[in-house]
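Down below is the structure, laid out as structure tokens.
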Ligand code: ATP
Ligand code: MG
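Residue numbers (my numbering): -12 to 553.
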């Protein structure tokens, strides 16, 4: 495997660039040896696997250097945020296995300090109230290669600005009537330095501060200052904020506050999906998926319901590593980690997806026996269960062929096959359903001396198939999930809406598969491998009566073939 030829940075003992920076800061005693990072979600949606990357990075790097990590809700926009997301975000971070202890903060708690900061800048002549409309402000900002123009309100006196800002705060103005802007440089080559907006008026109650405020700090004015208030040492954020850094540093300098150091890293992007909360929200609202926890979504809730484990997700994130340049990661890498993890822990079970009845002609009617079967081929600690076996069984339709091609090792007329954990059987006859032309029933004899583990029959079989005992079997629903989109980048083709690239086969339901008796009462979130079929997880819907299983991942990467074998 390529992995073993090119060991990852950690295995070689070298450090990623963020660790190098932190170690340098520790050596130089920059923050008195203190390390404090933060994860700053905006409570306007559920977390996705991209967020998981930021969570893993922030929590693990702090831990590695004896530091801590804050959880801070970046709740500065009352129009899009909702307390239900706060609860869900906390649950998801805990599910991943991280703990922020008592360090749960809210940017909205800093509104009073941020307001003081704004006053300080006004008093220094570094901020002004602008009555230009949003369109005028946009127009006057210019373009990257055309300098901006100064606003006619830019040179208001400090007294006038103080009075106007106070009026903004007290609700004297309507939304959009004016904003507070930093007074920096309208000719700066960096657009973010062209007098960015610091405060805007929003007459909408906030989920934490109610109607106390009608002016809200912009992300750019709140984020860096929140880091500074919490005395975050290393503020890790995604690359798109690189060009904001000079602005954050300008605020820190002008306000003379704690200088948190911002370091940018590449976002995690995956193919065959979309990650932005805005697009995920559309998929949910337009009914393309059943909700935020739909097992096809890259949300942590979706992945959890799909059967992905925190261990697999974290292992994937470690394998991907930390980069300084954006790239797109193949989702099969994530699926590979999921498979590796589930192979270790999933209980083995037998489920027949498309049942054909088999009658064992030489087995006594009414008799039944119990055959022991290991729950895991390698891990004895996972125990065994007993499989009922009797005269009537089910096998999968695809495991019987009347006229099979060469190399087919399953059941055929007059042929032998082994039933996993049970006996060898030989097909002696079959019936065809005249209407459908399909096989309706198979007659077989079993070889009593061929019992698994004590086979004295001397019969060599090439194939081993799964089966279930018919009378004791349980009807279950299977949800076979596949990738949500049928193209690698659903956003690449701008002439089509991304929803046009949804994979029409991303969910196939089998309402009436037959499962072995031990799957009758399942605990949601238990992981299974259905022999020869794939990894599955019990869905919470199982609590409604009939067991429901979601396919987490196939046993092999079937998409590699579709892509032309990678
Ligand atoms: P989205 O664009 O998906 O809506 P966001 O960046 O607006 O996400 P936030 O709640 O602001 O969502 O993100 C919280 C943190 O998670 C930020 O520090 C952000 O940089 C990080 N983050 C978001 N998406 C990714 C990603 N794909 N890869 C790595 N980190 C991410
Ligand atoms: Mg954001």
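In this text, a Cβ means the ideal position worked out from N, Cα and C, and glycines have one as well.
Simplified DSSP state of residue i, which is helix, strand or coil
i	result
residue 588	Residue coverage of the chain in this structure runs from -12 to 553, which leaves residue 588 outside it and unanswerable.
residue 114	strand
residue 310	coil
residue 197	strand
residue 185	strand
residue 483	coil
residue 281	coil
residue 14	helix
residue 74	helix
residue 557	The shown model of the chain, from -12 to 553, leaves out residue 557, and the question about it has no answer.
residue 488	helix
residue -6	With a pLDDT of 45 at residue -6, under the threshold of 50, the predicted position of this residue should be treated as unreliable, though the coordinate-derived value follows. In the structure shown, residue -6 sits in coil (DSSP, three-state: anything other than H, G, I, E or B).
residue 315	coil
residue 156	helix
residue 545	helix
residue 2	coil
residue 478	coil
residue 102	helix
residue 434	coil
residue 389	coil
residue 533	coil
residue 241	helix
residue 38	helix
residue 7	helix
residue 91	strand
residue 338	strand
residue 206	helix
residue 333	coil
residue 349	coil
residue 398	strand
Proximity below 8 Å, CB of residue i to CB of residue j
i	j	result
residue 470	residue 217	no
residue 350	residue 460	no
residue 436	residue 444	yes
residue 526	residue 536	yes
residue 245	residue 5	no
residue 126	residue 178	no
residue 286	residue 494	no
residue 414	residue 399	yes
residue 456	residue 342	no
residue 138	residue 172	no
residue 222	residue 249	yes
residue 68	residue 29	yes
residue 234	residue 180	yes
residue 538	residue 468	yes
residue 52	residue 8	no
residue 410	residue 438	yes
residue 426	residue 387	yes
residue 37	residue 262	yes
residue 429	residue 345	yes
residue 340	residue 324	no
residue 63	residue 95	yes
residue 318	residue 266	no
residue 488	residue 477	yes
residue 241	residue 50	no
residue 512	residue 524	yes
residue 291	residue 82	yes
residue 453	residue 407	yes
residue 496	residue 522	no
Beta bridge counterpart(s) of residue i as assigned by DSSP
i	result
residue 56	24
residue 538	523
residue 556	The requested residue 556 is not part of the displayed model; the chain covers only -12 to 553.
residue 454	382
residue 512	Looking at the DSSP assignment, residue 512 forms no beta bridge with any residue, so it has no partner.
residue 130	133
residue 428	344 and 418
residue 249	222
residue 377	355
residue 49	Its beta-bridge partners do not exist; DSSP assigns none.
residue 494	468
residue 404	412
Residue i at chain B interface by Cβ criterion, 8 Å
i	result
residue 432	Absent here is chain B; the protein component of the structure consists of one chain.
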